[in-house]
Amino acid sequence: EEWEEQVKSSFNKNKFKYSMPGFRKGKVPFNVLAKHYGMEFFYEEALDDCLNKQYGDILDKEKLDVIDRPQVDIKEVSAEGVKATITVTVAPEIVPGKYKGLTFKKDATEATEKEIDAEMKKEQNKRARLVAKKGAAKNGDTVVLDYSGSIDGEKFAGGTAENQTLELGSHSFIPGFEEQVVGLKAGDSKDITVKFPEDYHAKELAGKDAVFAITIHEVQKKELPEIDDEFVKDIEDEISTVAEWKEKIAKKITENKTRNADAKLENDILDAIIKNTEMEIPDVMIEEELDYRVHELENNMKGYGLKFEDYLKYAGTTVEKIREEERPACLRNVQGRLIIEAICKEEKITVTADDIKAKLAEQGMDEGKAKADYINYLANTMMVEKFFDFLKANNTIK
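Written out as structure tokens, the structure is:
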């Protein structure tokens, strides 16, 4: 009876599509069409309507969290009714393992003298002058040279240059090249033998032996400026002494180390809980994460003005290889997301409308003008922050 009503309901919904001689379009009676074409004429659309209704009723009744499109296997369709099997994939129910009373170590965040000195020397090197020197070239020196490369006696594209500058020890040339330049002086010539790496971006050169005939025109050394108050005034507008500069560098290093230490601590916490929790992740969830990763990579390449196909060719990879390489990370992302959802539910960790309103105000944004997508992003971000705040408060951090 329900099936018969569904057939008639589908007819009424679609009757304006039907026409027959002697009747205006949409005015053909149900019985006339059924007699002329048979009841089977109405089954296809009635079947879609029926299955959609039954599927919706099942989801409402069973409270299923479906994560993929249903697979429908129709066994039988007749005047008596429909027999079909609907198979769905549901999100796994996660029971988190131990997540309180654990011990974690947080990396040090204070800037060290060694780190401060390294930053100062980096800035000093940026402002170094190159001056000609006599004698042999050593690591750290820059040479001005001509080179001409050949493979089996034949020159190749991109293998020749004149008056090229090369900082020895920078590893900017083919492995083994710079080491053979060390010790040469201005006016020296030499044949250098190297082997292109197997993964070299120019496939026609990868793995091949090559000879470069080089001539050194000049050897240059760095002349570093003295780090004093005058040096600091030249590079910083708001400070005027070396002591102030060191303090500013220390603050920046500490901030960076704190961010990195917090991120590592949160990863360590999540990894520990994942390890403590038994989970069976449906493959479809991993595939969706992989789809997102590939799509994100493609968009990034477009942002650089590079076609995705060209990027794959240049990188010597394929979408299939990328998916295979990214699978472990995607699995971990899905596991982490499910853990966060489960613990937030268990501990009643929520983000309220007032939380979002306060955050928008903090960012100088009008709540009424904020887009729904951004509000959802903000809510998710704040939920994760509250999740980790809770775990840091309920575990020992050394």
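Per the numbering used here, the sequence shown starts with residue 651, numbered consecutively. Every residue, glycine too, gets a C-beta built ideally from N, C-alpha and C.
- Task: Scan the stretch 866-934 and note each continuous alpha helix (DSSP H) run of 4 residues or more that stays entirely inside, going in chain order.
- Result: Segments of the alpha helix (DSSP H) lying fully in the stretch 866-934: 879-885, 892-926.
- Task: Alpha carbon to alpha carbon, how far is Asn-910 from Asn-1026? Give it in angstroms, no decimals.
- Result: Roughly 26 Å separates the two Cα atoms.
- Have a look at the DSSP bridge pairing and note the partners of Val-1049. Since the first residue shown for the chain is 651 and the last is 1048, residue 1049 is missing from the structure and cannot be characterised.
- Message: Tell me the rounded alpha-carbon separation between Thr-759 and Lys-871.
- Response: Using only the alpha carbons, I get a separation of about 36 Å.
- Contact the stretch 774-784 vs the stretch 848-858: 3+ CB pairs below 8 Å: The way I'd put it, the stretch 774-784 doesn't touch the stretch 848-858; fewer than three beta-carbon pairs between them come closer than 8 Å.
- Under 6 Å Cβ to Cβ from Ala-860, same chain only, skipping five residues before and after it: list those, please. Cβ within range, chain order: Gly-799, Ile-801, Val-844.
- Cβ of Ile-866 within 8 Å of Cβ of Asp-838? The answer is yes: Cβ separation under 8 Å.
- DSSP puts Val-722 in a beta bridge; with which residues? Answer is Ile-736.
- Task: Determine the DSSP secondary structure at Asn-775, reduced to helix, strand or coil.
- Result: Asn-775: helix per DSSP, three-state reduction.
- Task: For Gln-704, name the three-state secondary structure that DSSP assigns.
- Result: The DSSP-derived three-state label of Gln-704 is helix.
- Message: On the CB-based measure, 16 or more other CB atoms within 10 Å of its CB, does Asp-791 come out buried or exposed?
- Response: Looking at its Cβ environment, which holds 16 or more other Cβ atoms inside 10 Å, Asp-791 is buried.
- What does Gln-985 pair with, by DSSP beta-bridge criteria? Answer by DSSP bridge pairing: none, since Gln-985 is not bridged.
- Query: So, using beta-carbon positions, are Ile-923 and Pro-746 closer together than 8 Å?
  - Reply: Yes, these two residues count as a Cβ contact at 8 Å.
- Task: Provide the residue span of the beta strand (DSSP E) that contains Glu-959, from first to last.
- Result: For Glu-959, there is no enclosing beta strand (DSSP E); the residue is part of the alpha helix (DSSP H) that begins and ends at 958-965.
- Query: What separation, rounded to the nearest whole angstrom, lies between the Cα atoms of Leu-714 and Leu-947?
  - Reply: Each residue's Cα considered, the two are about 33 Å apart.
- Task: Report buried or exposed for Tyr-749, applying the criterion of at least 16 other Cβ atoms within 10 angstroms of its Cβ.
- Result: Its Cβ being crowded by 16 or more others within 10 Å, Tyr-749 is buried.
- Item | Inter-stretch contact (C-beta, 8 Å, three-pair minimum) for the stretch 700-710 and the stretch 893-907 | By the Cβ criterion, the stretch 700-710 is not in contact with the stretch 893-907, since fewer than three pairs of Cβ atoms, one from each stretch, lie closer than 8 Å.
- Pick out whichever of Met-929, Lys-776, Phe-827, Asp-960 has its Cα sitting closest to the Cα of Lys-840. When only C-alpha atoms are compared, the closest one is Phe-827.
- Message: Distance check for Ile-842 and Thr-967, CA to CA, integer angstroms please.
- Response: Rounded to the nearest angstrom, the gap between the Cα atoms of Thr-967 and Ile-842 is 31 Å.
- For Leu-795 versus Gln-774, is the C-beta spacing smaller than 8 Å? In this structure, Gln-774 does not lie closer than 8 Å to Leu-795 by Cβ.
- Just checking my contact of Ile-989 with Phe-1040 at CB under 8 Å: how many whole Å lie between their CB atoms? Phe-1040 and Ile-989 do not touch by the CB rule: their CB atoms are close to 13 Å apart, not below 8 Å.
- Query: Hey, Val-1049 and Lys-1042: beta-carbon distance below 8 Å or not?
  - Reply: The structure shown does not extend to residue 1049, since the chain is modelled only from 651 through 1048, so no value can be given for it.
- Query: Pick from Asp-723, Ile-864, Lys-755, Asp-887: whose alpha carbon is nearest that of Lys-835?
  - Reply: Checking every option, the nearest Cα to that of Lys-835 belongs to Ile-864.
- Hey, Val-727 and Leu-701 are a contact pair by Cβ (cut 8 Å); roughly how many whole angstroms apart? Contact doesn't hold; Cβ gap of about 11 Å is too wide.
- Item | Spatial distance of Thr-927 from Asn-983 (CA atoms) | Between Thr-927 and Asn-983, the C-alpha separation is close to 14 Å.
- Report buried or exposed for Glu-970, applying the criterion of at least 16 other Cβ atoms within 10 angstroms of its Cβ. Under a 10 Å Cβ-count criterion, Glu-970 is classified as exposed, with fewer than 16 other Cβ atoms of the shown protein chains found around its own Cβ.
- Message: Rounded to the nearest angstrom, what separates Val-740 and Asn-906 at their Cα positions?
- Response: Separation of Val-740 and Asn-906 (C-alpha to C-alpha, rounded to the nearest whole angstrom) is 41 Å.
- If you pair each beta-carbon of the stretch 937-954 with each one of the stretch 971-980, do three or more pairs fall below 8 Å? Yes, they touch.
- Query: Among Val-738, Pro-742, Ile-919, Asp-718, which has the Cα closest to the Cα of Thr-1046?
  - Reply: Nearest of Val-738, Pro-742, Ile-919, Asp-718 to Thr-1046, Cα basis: Ile-919.
- Could you tell me which residues DSSP pairs with Ser-645 in its beta bridges? It is not possible to answer for residue 645, since the shown part of the chain is limited to 651 through 1048.
- Query: With 16 other CB atoms within 10 Å as the buried threshold, where does Lys-995 fall?
  - Reply: Exposed, because fewer than 16 other Cβ atoms sit within 10 Å of the Cβ of Lys-995.
- Just the C-alpha distance for Thr-908 and Lys-756, rounded to the nearest angstrom, thanks. In this structure, the CA atom of Thr-908 is about 9 Å from the CA atom of Lys-756.
- Keeping to the same chain, check which residues put their C-beta closer than 7 Å to that of Leu-1028; ignore five residues upstream and five downstream. Ile-1006, Lys-1009.
- Query: What is the residue span of the beta strand (DSSP E) that Lys-840 lies within?
  - Reply: Per DSSP, the continuous beta strand (DSSP E) segment holding Lys-840 begins and ends at 839-845.
- Item | Cβ-Cβ distance between Glu-930 and Pro-742 below 8 Å | Remark: C-beta atoms of Glu-930 and Pro-742 approach each other more closely than 8 Å.
- Item | Contacts around Asp-718, its chain only, beta-carbon distance under 8 Å, and the 5 residues preceding and following it disregarded | Val-738, Thr-739, Pro-932, Val-934, listed in sequence order.
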